[in-house]
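Student:
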Amino acid sequence: MERFIKIFLTLILSCVIGLAGSLWVHGEESGEDEESLSGLYARAAVLADGENGRILWGKNEDEPMAMASTTKIMTCLVALENAQLSDLVEISEYAAGMPDVQLNAVAGDSFYLGDLLYALMLESDNDVAVAIAEHVGGSVEAFAEMMNVRAEELGCTQTCFVTPNGLDAEGHCTTAAELAKIASEAIKNETFVKIINTESHSFSNIEGTRQYQVNNKDAFLQLMDGAFGIKTGFTGDAGYCFVGALNSEGRIYISVVLGSGWPPNKSYKWKDTVSLMNYGIEKYEKQRIGNEALDVGTITVNGGCRREAVLKADCPEREFLMGKDEEAEICIVKDLSVEAPLAENTRVGWVYYKVGGETVERFPIQTAERVDTKSFGYCLKTMIRQWLTF
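Each residue of the sequence shown is one higher than the one before, counting from 94 in our numbering.
(1) Taking the C-alpha atoms as reference points, what is the distance between Arg243 and Asn371?
(2) For Gly120 and Phe313, I'd like the C-alpha separation in whole angstroms.
(3) So, at 6 Å on beta carbons, what are the nonlocal neighbours of Ala279 in its own chain, with the 5 sequence-adjacent residues on each side left out?
(4) Quick one: using the 10 Å Cβ neighbour count with 16 as the cut-off for buried, is Arg147 buried or exposed?
(5) Determine whether the beta carbon atoms of Ser293 and Gln306 lie at a separation below 8 Å.
(6) Are the stretch 245-264 and the stretch 339-349 touching, with three or more C-beta to C-beta distances below 8 Å?
(7) Looking at C-alpha atoms only, which residue of Phe204, Gly326, Ile299 and Asn145 is the closest neighbour of Glu276?
(8) Under a three-way DSSP split, which group does Asn371 fall into?
(9) When the cut-off is 8 Å and only beta carbons count, does Leu260 lie next to chain D?
(10) Would you call the stretch 452-467 and the stretch 435-442 touching, i.e. three or more CB-CB distances under 8 Å?
(11) Who are the near neighbours of Ala161 in its chain, counting only those whose CB is closer than 7 Å to its CB and skipping five residues on each side?
(12) What did DSSP end up calling Ala176 once you bin it into helix, strand or coil?
(13) Specify the secondary structure class of Asn219 as computed by DSSP and reduced to three states.
(14) What are the partner residues of Gly442, as DSSP defines its beta bridges?
(15) Consult DSSP for Val242 and reduce its assignment to one of helix, strand or coil.
(16) In three-state DSSP terms, what is Cys398?
(17) When the Cα of Asp218 is compared with those of Pro257, Asp202 and Phe236, which residue comes out closest?
(18) Take the Cβ of Leu266 as the centre, count every other Cβ of all protein chains shown within 10 Å, and call the residue buried at 16 or more, exposed below.
(19) Is Ser353 closer than 8 Å to Lys362 when the C-beta atoms are compared?
(20) Name the DSSP bridge partner or partners of Ala141?
(21) Does DSSP classify Lys379 as helix, strand or coil?
(22) Is there contact between the stretch 220-233 and the stretch 179-188, where contact requires at least three CB pairs shorter than 8 Å?
(23) Can you grab the Cα-Cα spacing for the pair Leu213 / Leu173, in whole Å?
(24) Based on the DSSP output, what are the partners of Gly416 in its beta bridges?
(25) Expressed to the nearest angstrom, what Euclidean distance is found between the alpha-carbon atoms of Glu401 and Lys467?
(26) Using 10 angstroms around the beta-carbon of Leu140, count the other beta-carbons present and answer buried if the total reaches 16, otherwise exposed.
(27) Just verifying my parser: in three-state terms, what is the DSSP assignment at Cys299?
(28) Please classify Cys408 as buried or exposed, where buried requires at least 16 neighbouring CB atoms within 10 angstroms.
(29) Leu481 by DSSP, collapsed to three states: which one?
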C-alpha cells in the first residue's frame with residue numbers, strides 16, 4: 094500500500110512539473126505582451142512597420158538621444174545614393190586618426206568604395222566612415238549636411254547628424270521613431286540589404302600591399318528566423334544601441350533600442366530586440382487597403398465652359414501591418430471649386446489611406462479633362478445650339 098501511494102504521488106508531481114513547464118514554454122513562444130514590453134531595458138524603443146516606418150509600439154520614441162554607430166545606416170545610404178561602388182577612396186590623415194573601432198587603414202592608401210561599405214556596416218570602422226564622408230561629400234561637414242538633407246526628406250525633424258560615424262558630438266542626435274523611419278528607407282536599397290546580410294568580406298587596398306577581412310557583428314541575425322539586419326552601436330553617451338530588421342512571413346518589422354544598458358550589460362539590446370519582434374509577430378497581421386476604381390467624383394469649375402470637371406485618382410491596393418483592433422479607412426479631401434481655365438492633370442486634392450487614424454499613404458486627386466474659360470464665342474455657340482433645338 095505504501096509503495097502504491099509513493100507511485101501515485103510521484104505521478105501527480107510529474108504532471109504538475111510537466112504542466113508548469115508547458116505553461117512556461119507557451120509563454121515564451123506566444124510572444125511578449127505590452128506589459129512585458131514596458132520592462133524593456135532601453136531608455137527609448139520602437140517597433141515599426143518596415144515598409145512605411147509607421148510606429149506600432151513605442152517607448153520615449155520622440156525623445157532626442159545619442160545613437161552611436163547606428164548613425165552609419167544613414168552614412169551607408171547616402172553613400173550608395175550619391176557615389177559608385179567602383180569609386181576609389183583615399184584614406185586621409187584625419188580619417189586614419191579616428192579612434193577604435195578601426196580598419197587600421199593607412200593614410201595614403203586607396204580602396205574601392207564598395208569594400209569600405211562592408212567595413213563600415215559589418216565591423217563599424219570609424220576611420221572608414223570618415224574616409225567615405227570625405228570622398229562623397231568633400232568634407233565631413235559637407236557630408237553631414239547631405240545626411241541631414243536626406244533625413245529632412247524622410248520627414249525627420251528631430252534628427253541632426255554631426256559625424257558620419259556616430260562618435261559622441263554635441264548636437265548629434267535622433268529619436269527612436271525617426272531612426273526607424275531612416276532604417277525603413279535604407280532597407281529598400283538592395284545593395285544596402287546585401288551588405289548587412291554578409292557574414293564576412295575580404296579585400297585589399299588598391300595597391301595590393303595590405304589584406305583585410307571584416308566580419309559581421311550583428312548577433313541578431315542568428316537569434317530569430319527571418320532576421321536580416323541592421324546595425325549595432327555603442328558610445329558612452331548613447332549606451333548600447335541596435336536597429337533590427339525582421340521578415341516574418343512577408344511582414345517586415347523594424348526595431349530600435351537606444352540606451353539599452355551600459356557595460357557590462359552588452360546583451361540587453363538583443364533581449365530587447367527579440368521582445369519587440371515577438372510582440373510584432375503576435376499582434377500584427379497584414380491587411381489590404383485600397384481600390385483602383387475609387388470614384389473621387391467631380392469638381393465645380395467657376396467661369397468655365399463646363400460647370401464641372403471629372404476627377405481621377407490612381408489608388409492602388411496596399412498592404413499594411415495592422416493590429417487586431419485597428420481599423421483602416423480611405424479619406425477623400427479635395428477642393429470644392431476651382432476657377433477656369435483648368436488644365437488636365439491639375440491636382441485638386443488627396444486620397445488618404447489611414448490606419449488607426451494615422452495617415453500611412455496618400456495619392457493625388459487630379460482633373461481628368463481640360464476646361465476652358467467661358468468666352469463670348471462659346472456663349473454665342475451655346476445660344477445658337479439651344480435655339481436650333483426648339
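Cβ atoms here follow ideal geometry from the backbone N, Cα and C, with glycine treated the same way.
Tutor: In this structure, then:
(1) 31 Å
(2) Here Gly120 scores only 38 on pLDDT, less than 50, and its place in the model is too uncertain to base an answer on.
(3) Ile166, Leu170 and Phe285
(4) buried
(5) yes
(6) no
(7) This sequence places Ala at residue 276; Glu is not what is there. Looking at the Cα atoms, Asn145 is the closest of the given residues.
(8) helix
(9) The structure shown has no chain D; it contains just one protein chain.
(10) yes
(11) Gly259, Gly326, Phe327, Thr328, Ala331 and Cys334
(12) coil
(13) helix
(14) Lys427 and Ile458
(15) helix
(16) coil
(17) Pro257
(18) According to the sequence shown, residue 266 is Cys rather than Leu. By the neighbour-count rule (16 or more Cβ atoms within 10 Å), Cys266 is buried.
(19) yes
(20) Ile148 and Ile347
(21) strand
(22) yes
(23) 12 Å
(24) Tyr377
(25) 13 Å
(26) buried
(27) Per the sequence shown, residue 299 should be read as Ile rather than Cys. Here Ile299 sits in coil by DSSP.
(28) buried
(29) helix
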